[in-house]
Structure formats: C-alpha cells, structure tokens
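Chemist: First, the structure itself, so that you have it in front of you.
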Amino acid sequence: MTTAPTPIKRRRSREQTRQRLLDAALQIFARNGFERATIDEIVREAGFSKGAFYVHFESKEDLFWEILRQRIEARKETLRQALEPSAGIAENQRLLLEALFEAPGSEPLGPAVYYEFMAHGMRNEKVRARLSEFYAGWHDFVVDAIKVGRERQVIRDDVDISLQASALMATYEGALIQSQLAPEHLRLSGRVTELSELLADWLVRR
54 MTTAPTPIKR RRSREQTRQR LLDAALQIFA RNGFERATID EIVREAGFSK
104 GAFYVHFESK EDLFWEILRQ RIEARKETLR QALEPSAGIA ENQRLLLEAL
154 FEAPGSEPLG PAVYYEFMAH GMRNEKVRAR LSEFYAGWHD FVVDAIKVGR
204 ERQVIRDDVD ISLQASALMA TYEGALIQSQ LAPEHLRLSG RVTELSELLA
254 DWLVRR
C-alpha cells in the first residue's frame, strides 16, 4: 500500500519543479537571448510540459523577473560578504566596490541578455513599470549602503545621498556596457581594482 505524499513533500516537489524551470530558462536565455527564447524550448530543456510551466509562471517575462530577482539577491549577498571585519573602513569600501564590478564576470545570464530585456521593457508598458520598481529597489539598497558609510564617518556627506547612489549605479551600468561594446577601452577583468580605487577616492570622506 502506497501512502500519499505529505504536504511538505508536495511543496518540496513544487519548489524543485519551479527551480528546474528557472535553471532551464537561464540556459536558454544565455544561449538564445530573451527575444528568441520560447516557452517550448524552456519546458523541453527542463523536461516538463507547458502545463507545468503555467502552474508556476504566467509568461516568459514573469519567469525572467524571478531569475532577475534571484540574481539580484545573490549579488546583494555577495556585496554583504565582501566586508572584512578585520579590515579598516576605507579598505572595506574598496572591497565592496571590487565585489560590485567583479560580479558580472561570473554571471551566467550575461550583460547582453540583461540589456536585451531592458530594451524589451522600453517597448512594453507593463514590463517598464516593473523595471521602475526593480531600479527603485536597487537604488534603495545602494542608499542604505552609503548611509552605513556615512554613519561611520567615512563616506562624504556633502553630496545628496540619492545622487551618490544614482551616480554609482550609472557608473556600474555604463562600465558594463562599455566593457561589452568597447573592451579595448575598458576591460573590467583587468581594471576592477583601479576603477574601485577611483570611485573610492570620490566617495571617501576628506
């Protein structure tokens, strides 16, 4: 006599199915790009039916958002772990900046797919609204990080904090784009330390 799966086992099975779909989508997006990727390819890669896909996600965009959310949370955790308790405050600022600029190099999704999705969002009102929320959340995270530095009296406080956060975000995204389109001018893999020190000079309190 077989016993029915317990609620915990059913929930675990649903979570595993969902994650397999996300992992498969990550591979398809990285291989084909966002626009060319299809739900059929994703479910085939994951070994499920379309029905399983729609149990967990409403659309390809919905699935991409969840991938993006997971990557952002992982990025935040990377930045938190970059702090070295035994190091000085200025050194911690440098370590944080290095972690920020080094992270994309190990990102399987890749800047190209990310910016392809951004372009897709500019043509889709619903996606653009969620993009605004996404950027607002990133901005708040950076503002909070700057606040910690100000409380420790190491980050300059003579500049609007929102502007500081926006400038850091713009530098980060601009560096990503330039490293993809004009690597002869900026190859992040070889200039992370210098770029981090340059930004630290601007951020650090005098």
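Residue numbers (the working numbering): 54 to 259.
We put the CB at the ideal spot given by N, CA and C, even for glycine.
1. Three-state secondary structure (DSSP) at residue 187?
2. Buried or exposed, going by whether 16 or more other CB atoms sit within 10 Å of the CB of residue 74?
3. If you measure between the beta carbons of residue 125 and residue 187, is that distance less than 9 Å?
4. So what's residue 158 in DSSP terms, helix, strand or just coil?
5. From what residue to what residue does the alpha helix (DSSP H) around residue 209 run?
6. So, under 8 Å CB-CB, residue 255 and residue 222 are touching, yes? Tell me the CB distance rounded to an integer number of Å.
7. If I follow the unbroken alpha helix (DSSP H) through residue 86, where does it start and stop?
8. Using the three-state DSSP reduction, which class does residue 128 fall into: helix, strand or coil?
9. Where does residue 101 fall in DSSP's three states?
10. So residue 226 is in the alpha helix (DSSP H); what residue range does that whole segment cover?
11. To the nearest angstrom, how far is the alpha carbon of residue 199 from that of residue 249?
12. Can you look up residue 59 in the DSSP assignment and give me helix, strand or coil?
13. Kindly confirm or deny that the stretch 110-123 and the stretch 73-88 touch, where touching means at least three C-beta pairs closer than 8 Å.
14. Buried or exposed: residue 234, going by 16 or more other Cβ atoms within 10 Å of its Cβ?
15. By the 10 Å Cβ neighbour count, where 16 or more other Cβ atoms means buried, how is residue 217 classified, buried or exposed?
16. If you draw a straight line from the alpha carbon of residue 93 to that of residue 67, how long is it in whole angstroms?
Modeler: Short version:
1. In the displayed model, residue 187 falls within a helix according to three-state DSSP.
2. It counts as buried.
3. Their beta carbons are under 9 Å apart, which means residue 125 touches residue 187 by this criterion.
4. A caution first: residue 158 carries a pLDDT of 49, below 50, which makes its placement in the model too unreliable to give a value.
5. Neither: residue 209 is in no alpha helix (DSSP H) and is coded neither H nor E.
6. Separation of the CB atoms of residue 255 and residue 222 is rounded to 14 Å, and the pair is thereby denied contact status at 8 Å.
7. In the DSSP assignment, residue 86 falls outside any alpha helix (DSSP H), carrying neither H nor E.
8. Helix, per DSSP.
9. If DSSP states are grouped into helix, strand and coil, residue 101 belongs with coil.
10. 214-234 is the extent of the alpha helix (DSSP H) around residue 226.
11. Each residue's alpha carbon lies about 15 Å from the other.
12. It is coil, neither helix nor strand.
13. Touching, yes, given that three or more Cβ pairs across the two stretches are closer than 8 Å.
14. It counts as exposed.
15. So residue 217 ends up on the buried side.
16. Between the alpha carbons of residue 93 and residue 67 lies a distance of about 20 Å.
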